[in-house]
Structures are given as structure tokens and as C-alpha cells.
Amino acid sequence: MGITSSTALWYASRATGVVALVLLTVVVLLGILVNRRGQLPGLPRFATTSLHRSMSLLAVAFIAVHVVTAIADPYVTIGIAAAVIPFTSPYKPLWLGLGAISLDLMIALILTSLARARIGRRTWRTVHWLAYACWPAAVLHGIGSSTDMRAGWLLALTIGCTAAVLAAAAWRVSRAIAASGPAARPARALAAEELAHAGDPRLTSTGA
Amino acid sequence: MADHPARLRVNPIACSGHGVCAELLPELVTLDDWGYPLLAGDGAVPVRLARAARRAVTDCPALALRLTSAAPGSRGNSEEAQRPARAQTGRLGT
Amino acid sequence: MSMLAPAWTGLPHAAPAGESGLPRILPPASETAAAQAQAGLDFAAHLRRHGLPRFRGAALIEQAGAAGLTGRGGAAFPAARKLAAVAAAGPSAIVVGNAAEGEPASSKDAALLWLAPHLVLDGLQAAAEAVGARTAYLCLHAAPRRGSDLAGHVRAALASRLAAGTDRVGVQLVELPARFLAGEETALVARINGGPARPRDKARRVFERGVDGRPTLVQNVETLAHLALIARHGAAWFRSVGTADEPGSVLCTVRGPDGRARVVETALGTPLGRLLPLGDDVGAVLAGGYHGGWLTLDEARRLSLCNADLRPAGAFVGAGVLVALPAAYCGLAETAEVARSLALESAGQCGPCFNGLPAIATALAAVARPRPAERELASLRRWAGLVTGRGACHHPDGTVRFVASALRVFAAEIAEHSRGRCTATRREQFLPIPAAPLTELDWR
């Protein structure tokens, strides 16, 4: 069977979809790294934020191609509206709907982040939490839309990405729990200071 | 242009010591013992650094950096803006 | 009926003999604290003593400005300016009376509410009318530090006013956590808005957007009491005591070398020697509380209770806390213990504060030991400069001022300690220290 234009579109959509998933995974991991004030080895701190941003814009580019080729492909019927309005696609409404949800959230994330200096910290932060909904929606969309998930490499890739994000998210949550709010910070800093001075008995006075 | 030059200000509550500002704007921002930003010269931004300053404001992960044209020495507190400009320390409440 | 035995040790008494025109906001001394507290609730007696207000609304703001009334919560900001700002900021303003009194060594706001609640509540009504507010709050500590039901007492006062039908604005009591910073203006507003009592970024100004996003006036309860009297007697009367630059009377919490605290009303500009016993058994004097500064005995004997005298010496009037530390105690150890508690009272929001104050406190504890501490002294001086002005509130600044004054006034002790000796004979803590906040719940 020759390669038809439909097949080419299908391949393009699938390939860009896979790359987008990997890019989104990297974006989420980098976002968690920024939040935890971590650093990529050998790189300055602003590289983490810069890469997070540039990877997300790159992901947008790949997703744009992914969506356009999927819509243009005559083999499956997916209207333009179905790309942004969830569950309105005649073809696989559930799984494509998840893709539409992911895309909508991504648009919100990107637009608010581009305007972040103007919309204020609290608004930006609240919207940015949606990233934790955007990524799973994208993964589920990928699993449900793929016709050949049982192929080894795609399954392995999906599992790998999922494992990485779950591990990073678990780390993020555990740090948040350990921090237990601003109330603990001065006490923790004081304990650290006093430990550094430990070994010398203080001139103690009992509290009144 | 404006009477007051552009001035960087740190929101100390939002700031969590990421240190990105110090990397992007080392001429104006250094870090203290605990990784929190110290602004040189009360935060005044020379024109040649204006672009880098804007980038630092946008890139701060905690959105804790601001560019304003407010008077020096005030924390944006109405009381202090109206007081004669002597450093006040140590007051609580009203 | 409230429990009437206030547990703070001491009766307010008329200002040191010879001060005419005093007391003003406190009642004249009588036999027992219980009798005085009971008398404080008597609304009719209150009106008989003070009369009815003459100046209201904009006229009151004008009188307050001419009188030079400044805030009595520590910041000494001109009250008229604050009233005018809130009045101009828009409709549906809110007034808040601040009796948080987070300073552990201060009892004057509690004393005022026990002994003259109606004067405070009058002031709250007058301020509400002046700024066009129809909602009022009064904030005080939830868990009374002194084991007595102050909130119940205030509620009883409010009830008697309700019966008399004089108040235009309903007053809601708000109970605050017993934190040093809970009475800070933005922290107070945050608490009323339902969050924890932590200071917020000053860019959002309380007089424009405070409680519920509305223009909010926050005034210390003593300021409100003075305002209530200015409403009756006018600016010239207010200025008849005090100094030209710092007019009026002020409440002080005075702790003598015997360790007992008394609340005194005195004129600004009164020599410290008339407020505190300053015999040779006194080592140093603390003026302005834990964000104030230490004075040497000689300075204290020379200076008066006004910012013109105290600020050049590194202290200030603040909320009127005056402590005479006996020479038998080690001033460095006292300061170190207080500094440690101040570090723990940080709201934990600003890095330079919640990192810097513990570092300063621990270094000071090393200096307070009878052994050389050159390295710690150098660190202290460096951190003092590193921490001041870099928090959202003045907690780090005030703490640094307090510590710096100790290094100056107790320089001789530092020299002794570096030789391995401490001249103090008493080891227990003289200055009061609050229990440390442990969890997030302690801020609500």
C-alpha cells in the first residue's frame, strides 16, 4: 500500500503527539524543579526557568501541528470545534475530549504565563495549578487515542513519562507537607542555629 | 521621563529566595547569607539595565520583584509615604 | 457579669504626685482593683465624669489634628492624618480598635479596657462617625494571658450601652492569637478577614483596602480613649499637658526592680526618674519595650519620657513599656532570652527575618555566656545591617534596635564576659517571655 496523504497526516499527527507528550513531561518536571528551587547540574538557576518556558512554547508548536494534522486528516472526522470543545468529536469523543481539555488548559496556562507580570501573583499561581490537570488529561488522551498502544516502545514511553511525573509530584507534595507552613520556619532556623552552636552550654535562664 | 527613576522593589513575603534575579541582574542584585536578594543603591535602575530589570521581574518564579516609580525608602505604606524621610524602626501596631 | 479581679499585679494610680490635670483616661485611684473594674462598667458614672462630646465628624478630625494626637500603639502616627485618609478613601469604611497588645511586657491596653471601657468605646463611635463607618471591631487576645475574662468585661460594657441606646455603630469583638505581631495593622486586618494574623505586604494599604476590601481605620484603644476626650474638651485642653512637640498624656506599663508591673498615666515629657525608682540597685532601663532600647542608669536619670530625648539614645516611647532591670541580673542574658523569643515570634514569611533573627539570637546567646565571643560580636554587627528594612513589617528592625542597644549599654558586661566572668548574681529570667508559637494554629 502506498503512502497516501491521509496516511502522512496520520503519521504526522501521531508523531507530533508523542513528541508533545515528552515535551509536556519535561515541562512539568522542570516546573517542579523551579518550585523546589532546584538547579540543573552545571547550569545557572535562570536556565531552569528559561528551559521550562521554552520547552512549553515548543510543546505548543508541536501540539498545534498535532491538532491541525488530525483535523485535516480525511480518514477520521474531527471538526475544528472539537479541538477546543471537549467531547464534541464524532470520532472517539471521550479520548479526544480529554485532548481538548488538555489543550484548553494549556492555552490558559500559556496566556496567563505570558502576561504574568500584569495579572498579579495570586491569579497567575491559581491558574498555574491547572498544570496538574493538564498533563494527566494529555496522557490519558494519548493512551485512549492511540490505536497501537500495545506496541512496546510507545507503551514504555508512556509508562516512563508517567513514572517520572508521579515521582516528581510525590516529592513536591512530601516537601510541602514537611514544610508545614510559615509557623515552623523560625523554629526550624533557630534549631539549626542552636545545633551549630551545640556543645557550648548556654547561660540559661528559665522563662518567667 | 518620570521624575523618579525606575526602581526595583522586592515583595519580601512573596520572595522565597530562588536567586534568579541575582543571576540575571548581578549589577543590581546580590544574595545575602540565606539566598535572599539585596538591592544595590535602594533599587534604582539605570537606563542601560532597564531591559534586564524587566526580564528579571518577569522571570522571578515567585513574581516577587516589581518595577515601580515610587519614592525611595518607602515600602508602599501610606504612613511612610507621608512621613518625613527618616528611617523609622521598631514600631508595632498603631 | 465578668470576673472582676484583674490578674495583672498592680493598681493604676494617679500620675506621680504633682502632675496636675491627671489622670485623664484612667480613673482616679481607689481602694481595690475589683472596685475600679466594677466602676469602669458604670455607664452613667462615665457620663457624669466626662460629659457629652462636643466635637463630631470633620470637626473632631480637625481638633485631633490641632491637638497633635499620635497613635499610642507604638508607631506614633498622627491620628488626624489617618482619620482624614480613611474618611477620604471612600464609602463604607470600617473602624477597628486595637487592643492586641502583643508586647509581653505591656498591660496598659488591658488595664484601660478594664478600667475605662466606655471611654474606648466612645472613641470607637467617634472615630466611626468621623470616617463614615457603620461597622466597628474591637480586637483583643483570645486566651487572656492574665487569666481573667477581659472579653466578658467588654461585652458587659457594650451591653449597658446597648441598653442606653447611645451607639450608632455595632461593635464586634474579635479574639486574636497571643502573638507579638498579631496587633500589627495588616496582621490584624488579615485576621478579621478570616486568615492567620500575619503581616501582609504593605503595598496593599489598609486605609484604602482593609477589612473586606473596604477603607479601614486601625487605632490603638488608648488612642481612641484620648480621641473620646478630645471630642469633649478640644485640642487646647489636650495640649495642656505634655510637651509642645509631643503633647498629651500616655499610659505606661512600668516594671520596677521588684519585678511588679504597674500601669501609670503620665504626661509626655515626664522625667523617667519620676516614673521608675532609679536607685543604685538598678543596672539599666528598657524604654519602649522589646522593639525599644536599653538606657544606662545615668541616661535614664537624665532623660524624659519623650521621643525627643529617647530616640537619640537609641530607644523610643513606643507603647510606653518601661523596665528597670536590677543590677543583679545580666542584661546580656536577659536580652538574649528575649531575642530568642522574638525570633520565634517571626511570622516566618520573609527570609531575612526568619533566618536572620534566629542567627542574631543564637550569636547573642553566645555573647551572653561568660567566655570570649569576638566572632559572634562581628557576626551580630553584620547581620544587624543585613536584616533591617528587609521584612514586610518592622519586626526585624525593632529586634535589631533592641539588640544593638544592649551591645552598647552592656559593653562593660561584654568585656567582663570575654574575660570569663559574669557579674550577675541572679540567674532567673526577669523580663517576661511568651510561650513560643509552635504550629499554624497558633496564628489563628
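Heads up: the protein sequence lines correspond to chains F, C and Y, in order. If you count the first sequence from 1, you need to add 826 to reach the numbering used here. If you count the second sequence from 1, you need to add 6 to reach the numbering used here. If you count the third sequence from 1, you need to add 1 to reach the numbering used here. Think of the CB as a built atom: it goes at the ideal place given N, C-alpha and C, for glycine as much as any other residue.
For Phe888/F, not one C-beta of chain C is nearer than 8 Å to its own C-beta. Judged by beta-carbon spacing, Phe208/Y lies within the 8 Å limit of Val87/Y, meaning their Cβ atoms are closer than that value. Of all residues in the stretch 849 to 861 of chain F, only Val860, Asn861 come within less than 8 Å of chain C when Cβ atoms are compared, listed by chain position. With a 10 Å radius around the Cβ and a threshold of 16 neighbouring Cβ atoms, Gly49/C comes out buried. Against chain F, the CB of Asn308/Y has no partner CB under 8 Å away; the residue lies outside that interface.
Any Cβ of chain Y closer than 8 Å to the Cβ of Pro32/C would place that residue at the interface, and such an atom is absent. Along the stretch 98 to 112 of chain Y, there is no position whose C-beta sits under 7 Å from a C-beta of chain F. Non-local beta-carbon contacts of Pro178/Y in its own chain, meaning distances under 7 Å to residues more than five positions away in sequence, involve Ala143, Ala198, Asp443, Trp444, Arg445 in chain order.
Scanning the stretch 199 to 244 of chain Y from its first residue to its last, the whole alpha helix (DSSP H) runs of 4-plus residues come out as 222 to 239. Excluding five sequence positions before and after Glu186/Y, the CB atoms of its chain that fall closer than 6 Å to its own CB belong to Val207, Val219, given in chain order. Here Ala134/Y is near Ala94/Y, since their CB atoms are less than 8 Å apart.
At least one CB of chain C lies nearer than 8 Å to the CB of Arg947/F. The alpha helix (DSSP H) runs of length 4 or more contained entirely in the stretch 120 to 144 of chain Y do not exist; there are none.
Taking a cut-off of 8 Å on C-beta distances, the stretch 832 to 845 of chain F touches the stretch 888 to 899 of chain F, as three or more cross pairs fall below it.
Closest option to Leu311/Y, judged by alpha-carbon separation, among Gly294/Y, Leu326/Y, Asp299/Y: Gly294/Y. Annotated three-state conformation of Leu326/Y is strand, per DSSP.
About 4 Å separates the beta carbon of Ala316/Y from that of Ala288/Y, a gap short enough to meet the 8 Å contact definition. Look at Ala846/F here: in three-state DSSP terms it is helix.
The CB of Arg1011/F comes closer than 7 Å to the CB of Gly349, Phe355 in chain Y, given here in chain order.
Think of a sphere of 9 Å around the beta carbon of Leu44/C: no beta carbon from chain F falls inside it, the nearest being about 16 Å out. Distance from the CA of Thr400/Y to the CA of Ala46/Y, rounded to the nearest whole angstrom, comes to 43 Å. A direct Cα-to-Cα measurement between Pro118/Y and Trp384/Y gives close to 43 Å. The beta carbon of Gly166/Y sits no closer than 8 Å to any beta carbon of chain C.
An exposed status is given to Leu937/F, since fewer than 16 other beta-carbon atoms sit within 10 Å of its beta-carbon. Secondary structure in the stretch 397 to 436 of chain Y: the alpha helix (DSSP H) runs of 4 residues or longer, each lying completely within the stretch, are 412 to 419 in chain order. In the three-state scheme derived from DSSP, where H, G and I count as helix and E and B as strand, Asn861/F is classed as helix. In this chain, the beta strand (DSSP E) harbouring Asn99/Y covers 94 to 99.
DSSP, read as helix, strand or coil, puts Ser21/Y in coil. DSSP places Ala268/Y in no alpha helix (DSSP H) but in the uninterrupted beta strand (DSSP E) bounded by 262 to 268. Here Cys253/Y is bridged, per DSSP, to Val265/Y. Put simply, the stretch 227 to 237 of chain Y touches the stretch 122 to 138 of chain Y. At least three CB pairs are less than 8 Å apart. Here Tyr837/F is exposed, its C-beta having fewer than 16 other C-beta atoms within 10 Å.
Only residues of its own chain outside the window of five on either side were considered, and among them Val853, Ile936 have a CB closer than 7 Å to the CB of Ser882/F, listed in chain order.
The C-beta distance from Pro397/Y to Val388/Y rounds to 5 Å, short enough to meet the 8 Å contact threshold. Contact check for Ala963/F against Leu924/F passes: the beta carbons are separated by less than 8 Å. Counting only residues of its own chain and dropping the five nearest sequence neighbours on each side, Arg862/F has a CB closer than 8 Å to the CB of Trp997, Arg998, Arg1001.
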